[in-house]
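K.L.:
So the sequence shown is numbered by full-length UniProt numbering: it starts at 4 and just counts up by one.
The beta carbon of each residue, even a glycine, is placed where N, CA and C say it ideally should be.
This structure is in structure tokens; I'll ask about it shortly.
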Amino acid sequence: AHTTAARVRRINPSPSTAAAQRVRELKSQGLVIHDLTVGEPDFDTPAHVKAAAVRAIEAGETKYTPVNGTPRLRAAIIEKLRSRHGLHYTDAQITVGGGAKQVIFLALMATLDEGDEVVVPAPYWVSYPDMVLANDGTPVIVPCSEADGFKLTPGALRGALTDRTRWVVLNTPGNPTGAAYTPDELRALAEVLLDHPRVRVLTDEIYDEIWYGDGRSRSLAVVEPRLADRVFLTNGVSKTYAMTGWRIGYGAGPADLVSAVNTLQSQMSSCPSSVSQAAAAAALTGPQDFVEETVRTYRARRDTTAKLVNDIPHLSCTPPAGGFYLLVDCADAIGLHTPDGERIADDEQFARYLLDSRQVAVIHGSAYGAPGYFRISFATSADVLTEACAGIAAACAALT
Ligand code: PLP
């Protein structure tokens, strides 16, 4: 007899959380670790956002809010989606939750029955497949090659759709690849989706503002208005405003879906934190220079780190269009031997070798459905990045 439900036994704890835990353990043993596993900005939340939270506490905004968030925050979200994308949502089409993660989880919980399929392009954010499994669905993983920019092609999408497909997940800009779909690429995917009216698209746009390309990152709902009532757009304040600990994310989409998400939330958490919602509203409506400054810093780190990585034997990477990760190809190192005579059998062992030999912590690509790769986060200081890359270079040079 099991003491846990099948849904728990079907899933794994997040590998990034596990990696962070391993780093903490090694640090507590007194080791200096060059930590490139971190999935959150290394900046502090902007002062005016913190001040708004303090004001909310002092004003007594310390009670339950509406299930779908405070009117002020919902208005701020509607305004962001209007001014940034030209998208027009009504109040009933917005839901606010405890992070984009919770909003995505609830959207899946609200729509999946046993055996329903969710198309997840790989490399993927670690949580999508497990969230689908936890909600009785079946993830359909579609590998996307580096030659295709790690992006889903219309042909691959068409091939993955079945009568059971409920959702396609599109994470753009993506974690761990940093790849972003161009308007033309989104249009081509939309053409396929227009032939499948029962399929909805979950767009995860959490890295939309951390963007290095020309213009702005694009949203499927903007590019193909005919799909707008089938797109559930998710985003949040975690990455853009260095607010991961505040736990506020949101979803915008069809009112029936939003209402179902709200029903679940009403029984699960009642509402997200009132104080955090006040802070998130201030982040969305206040001055945006924090975003510009941090993106400038991320961009400089991206350029330096990509160059350092591409100078290392056996490794290569494509600088990402958005986000703060580099997905590094280490396939060339697999099969080589460490100075201890150990054979590097796969990306997981490669990551372990970097940690054991040079105290550099990265996350192996297999965790993201990207075997033969590893992920570097450049949401850390230039010094750590330089030292870590020197360590990786030395580790690679020692392979035979
Ligand atoms: N989506 C992607 C692609 C992410 O990388 C993350 C965080 O790592 C999230 C969603 C979760 O963000 P939140 O803090 O809003 O739950």
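1. Just checking residue 43 against ligand 1 - is the residue's beta carbon closer than 8 Å to any of the ligand's heavy atoms?
2. Cα-Cα, which of 353, 154 and 394 is closest to residue 363?
3. Just verifying my parser: in three-state terms, what is the DSSP assignment at residue 376?
4. Identify whether residue 110 lies in helix, strand or coil by the three-state DSSP scheme.
5. Between which residues of its own chain and residue 375 is the CB-CB distance below 7 Å, once the five residues before and five after are set aside?
6. State yes or no: is the C-beta of residue 15 nearer than 8 Å to some heavy atom of ligand 1?
7. In chain order, what are the residue ranges of uninterrupted alpha helix (DSSP H) at least 4 long that sit wholly in the stretch 224-282?
8. Our contact map puts residue 236 next to residue 224 with C-beta atoms below 8 Å; I'd like the distance itself, whole angstroms only.
9. Can you check whether the C-beta of residue 112 is within less than 9 Å of a C-beta belonging to chain D?
10. May I have the straight-line CA-CA distance separating residue 135 from residue 127, to the nearest angstrom?
11. Could you check where the alpha helix (DSSP H) with residue 188 kicks off and where it finishes?
12. Nearest by alpha-carbon distance to residue 89: which of 384, 352 and 227 is it?
13. Measuring CA to CA, which of 188, 138, 180 and 177 is closest to residue 160?
14. Starting from residue 174, follow its DSSP beta bridges and name the residues at the other end.
15. So, for residue 194: in the same chain, excluding its five sequence neighbours on each side, which residues have a beta-carbon less than 7 Å away from its beta-carbon?
16. For residue 74 and residue 28, I'd like the C-alpha separation in whole angstroms.
17. Return the residue from the list 31, 301 and 325 that minimises the CA-CA distance to residue 180.
18. Starting from residue 146 and walking both ways along the beta strand (DSSP E), at which residues does that stretch end?
19. Please work out which residues of its chain come closer than 8 Å, Cβ to Cβ, to residue 125, disregarding the five sequence neighbours upstream and downstream, and give them in chain order.
20. What residue from 149, 330 and 203 has the CA that sits closest to residue 172's CA?
21. Would you kindly check if the distance between the Cβ of residue 254 and the Cβ of residue 100 is under 9 Å?
22. Buried or exposed, going by whether 16 or more other CB atoms sit within 10 Å of the CB of residue 154?
23. Which two residues bound the contiguous alpha helix (DSSP H) that contains residue 356?
24. What I want to know is whether the C-beta of residue 178 ends up closer than 8 Å to one or more non-hydrogen atoms of ligand 1.
25. Would you check whether ligand 1 has a heavy atom nearer than 8 Å to the C-beta of residue 170?
26. Could you check if residue 398 is buried or exposed, using at least 16 other CB atoms within 10 Å of its CB as the buried criterion?
27. Who are the Cβ neighbours of residue 354 in its own chain at under 6 Å, not counting the five residues just before and after it?
28. Decide if residue 66 is buried, meaning its Cβ has at least 16 other Cβ atoms within 10 Å, or exposed.
29. Quick one: is residue 177 buried, meaning 16 or more other Cβ sit within 10 Å of its Cβ, or exposed?
30. Per DSSP, what kind of secondary structure is residue 120 in: helix, strand or coil?
31. Does at least one heavy atom of ligand 1 sit under 8 Å from the Cβ of residue 105?
32. In the structure shown, what three-state DSSP assignment does residue 86 receive?
33. To which residues of the same chain is residue 18 closer than 7 Å at the C-beta, ignoring the five residues directly before and after it?
34. If you check the beta carbons only, do residue 116 and residue 13 fall under 9 Å apart?
35. Pop quiz: residue 98 and residue 106 are said to be a contact at Cβ under 8 Å. What is the actual Cβ separation, rounded to whole angstroms?
36. For ligand 1, is there any heavy atom lying closer than 8 Å to the beta carbon of residue 301?
P.N.:
For this structure:
1. Here residue 43 refers to the residue found at position 40 when the sequence shown is read from its first residue. At least one heavy atom of ligand 1 is nearer than 8 Å to the Cβ of residue 43, so yes.
2. Translated into the one-based positions of the sequence shown, residue 363 becomes position 360. Considering only alpha carbons, the answer is 394.
3. Counting from one through the sequence shown, the residue named residue 376 turns up at place 373. In the structure shown, residue 376 sits in a strand (DSSP, three-state: E or B).
4. The residue labelled residue 110 in the question sits at position 107 within the sequence shown. In the structure shown, residue 110 sits in a helix (DSSP, three-state: H, G or I).
5. Indexing the sequence shown from 1 puts residue 375 at position 372. Once the five neighbours on either side are set aside, the close Cβ partners of residue 375 are 332, 333, 334, 337, 350 and 368.
6. Numbered from its first residue, the sequence shown carries residue 15 at position 12. Not under cutoff, so the answer is no.
7. Taking only runs of at least 4 residues, the alpha helix (DSSP H) segments lying wholly in the stretch 224-282 are 258-271.
8. What you label residue 236 is simply residue 233 of the sequence shown in a count that begins at 1. What you label residue 224 is simply residue 221 of the sequence shown in a count that begins at 1. Indeed they touch by this definition, with Cβ atoms about 6 Å apart.
9. Of the protein chains in the structure, only one exists, and it is not chain D.
10. Start at 1 with the first residue of the sequence shown, and residue 135 comes out as number 132. Start at 1 with the first residue of the sequence shown, and residue 127 comes out as number 124. Using only the alpha carbons, I get a separation of about 13 Å.
11. Residue 188 sits at position 185 when you count from the first residue of the sequence shown. If you look at residue 188, you'll find it in the alpha helix (DSSP H) that goes 186-197.
12. For the purposes of this step, residue 89 is identified with residue 86 of the sequence shown, where counting begins at 1. Residue 227 is the option with its Cα nearest to residue 89.
13. Your numbering for residue 160 matches position 157 in the sequence shown. It is 188.
14. In the sequence shown, counting from the first residue as 1, residue 174 sits at position 171. DSSP output for residue 174 lists 207 as bridge partner(s).
15. Locating residue 194 in the sequence shown gives position 191, counting from the first residue. Here the set comprises 157.
16. On the sequence shown, position 71 is the one that residue 74 refers to. On the sequence shown, position 25 is the one that residue 28 refers to. Going from the Cα of residue 74 to the Cα of residue 28 covers about 43 Å.
17. Residue mapping note: residue 180 aligns to position 177 of the sequence shown, counting from 1. Measuring from the Cα of residue 180, the nearest candidate turns out to be 325.
18. Against the sequence shown, residue 146 aligns to sequence position 143. Here the beta strand (DSSP E) through residue 146 covers 141-146.
19. Along the sequence shown, one-based indexing puts residue 125 at 122. Excluding sequence neighbours, residue 125 sits near 144, 145, 146, 147, 371, 372 and 373.
20. The residue labelled residue 172 in the question sits at position 169 within the sequence shown. Looking at the Cα atoms, 203 is the closest of the given residues.
21. Reading the sequence shown from its first residue, position 97 is the one you call residue 100. Reading the sequence shown from its first residue, position 251 is the one you call residue 254. Contact flag set, yes.
22. Numbered from 1 along the sequence shown, position 151 holds the residue referred to as residue 154. Its Cβ being crowded by 16 or more others within 10 Å, residue 154 is buried.
23. Position 353 of the sequence shown holds residue 356. Start and end: 350-361.
24. Here residue 178 corresponds to residue number 175 of the sequence shown, with the count starting at 1. True, at least one ligand heavy atom lies under 8 Å from that Cβ.
25. Position 167 of the sequence shown, counted from the first residue, corresponds to residue 170. Checking every heavy atom of ligand 1 against the Cβ of residue 170, none is found closer than 8 Å.
26. Counting from 1 along the sequence shown, the entry for residue 398 is found at position 395. Taking all protein chains shown into account, residue 398 has 16 or more neighbouring C-beta atoms within 10 Å of its C-beta and is therefore buried.
27. Translated into the one-based positions of the sequence shown, residue 354 becomes position 351. If we look at residue 354 and ignore the five residues flanking it on each side, its Cβ neighbours are 365, 367 and 377.
28. Counted from its first residue, the sequence shown places residue 66 at position 63. Result: exposed.
29. Here residue 177 corresponds to residue number 174 of the sequence shown, with the count starting at 1. The residue is buried, with at least 16 neighbouring Cβ atoms inside 10 Å.
30. Position 117 of the sequence shown, counted from the first residue, corresponds to residue 120. Look at residue 120 here: in three-state DSSP terms it is strand.
31. Position 102 of the sequence shown, counting from 1, holds the residue named residue 105. Answer for residue 105: yes, Cβ within range of ligand 1.
32. Taking the sequence shown and counting its residues from 1, the one referred to as residue 86 is at position 83. Residue state, collapsed to three classes: helix.
33. Mapped onto the sequence shown, residue 18 falls at position 15. Hits under 7 Å: 129, 366 and 370.
34. The count along the sequence shown starts at 1 and reaches residue 116 at position 113. The count along the sequence shown starts at 1 and reaches residue 13 at position 10. Cβ atoms of residue 116 and residue 13: not closer than 9 Å.
35. In the sequence shown, residue 98 corresponds to position 95, counting from 1. In the sequence shown, residue 106 corresponds to position 103, counting from 1. Indeed they touch by this definition, with Cβ atoms about 6 Å apart.
36. On the sequence shown, position 298 is the one that residue 301 refers to. No, the Cβ of residue 301 stays beyond 8 Å of every heavy atom of ligand 1.
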